[in-house]
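Q: Have a look at this one before I ask anything.
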């Protein structure tokens with residue numbers, strides 16, 4: 036099995052790790068030259084702010100209650116390195132996919148132990164770095180991405196989701212998943228599929 040470990044709201048979480056007073060507040064991290072919003076806390080998402088929104092287009096009532104921070108890429112890179120080191124405590128096979136995502140190999144482990152291992156991984160990363168992560172286990176990378184998405188979006192999974200090939204739960208999640216959530220299918224491709232009469236959900 037492969038796990039995708041994805042940091043939640045990574046840039047914001049890095050800022051909060053060094054400034055706990057930001058917890059619970061709407062927080063946005065801005066791009067180079069403070070042009071647009073490139074990371075949002077859950078509180079800022081709840082205010083309707085979309086990724087990439089130019090700072091000057093933020094409504095006044097949002098600006099008043101939001102902490103807006105200039106990006107600190109040196110900090111984010113260092114935190115990413117620290118998280119990768121923590122993941123190496125759980126597996127010899129760690130592949131950095133992006134600054135806030137890693138694929139981790141769990142081949143050879145009993146399937147019924149993976150969710151408990153995932154919870155220990157989440158707890159350790161949080162304790163050692165201050166960063167919350169979600170974990171998705173699956174036989175393939177594409178399915179691990181989907182499992183991670185479910186772990187983030189569905190509170191019932193408590194941050195860890197395991198999907199086995201052709202299991203009833205896997206099929207149920209796939210039928211509810213917009214096709215644009217599949218790895219490699221962009222929003223424009225999804226719109227084109229709709230025009231062609233294809234279902235917007237995975238079939």
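In this note's numbering, the protein residues as written are 36 to 238.
The beta carbon of each residue, even a glycine, is placed where N, CA and C say it ideally should be.
#1: For a minimum of 3 consecutive residues, which ranges assigned as the beta strand (DSSP E) are wholly contained in the region 112-183?
#2: For residue 149, I'd like the list of residues in its chain whose CB is within less than 7 Å of its CB, leaving aside the five on either flank, ordered along the chain.
#3: Decide if the region 102-111 is in contact with the region 57-70; the criterion is three or more beta carbon pairs, one per stretch, under 8 Å apart.
#4: Flag this pair as yes or no: are the beta carbons of residue 164 and residue 117 separated by less than 7 Å?
#5: If we count the other Cβ atoms within 10 Å of its Cβ and call it buried at 16 or more, is residue 146 buried or exposed?
#6: Do you know whose CA, among 94, 194 and 71, lies nearest residue 87's CA?
#7: Which of the three DSSP states is assigned to residue 72 in this structure?
#8: Give me, in chain order, the residues of the same chain whose beta-carbon lies closer than 6 Å to that of residue 41; leave out the 5 immediate sequence neighbours on both sides.
#9: Under the three-state reduction of DSSP, which class applies to residue 64: helix, strand or coil?
#10: In angstroms with no decimal places, state the Cα-to-Cα distance between residue 98 and residue 68.
#11: So what's residue 197 in DSSP terms, helix, strand or just coil?
#12: For the alpha helix (DSSP H) that residue 97 lies in, which residues bound it at each end?
A: Based on what the coordinates show:
#1: 129-133, 136-140 and 168-173
#2: 36, 141, 172 and 197
#3: yes
#4: yes
#5: exposed
#6: 71
#7: strand
#8: 136, 169 and 183
#9: strand
#10: 17 Å
#11: strand
#12: 95-100
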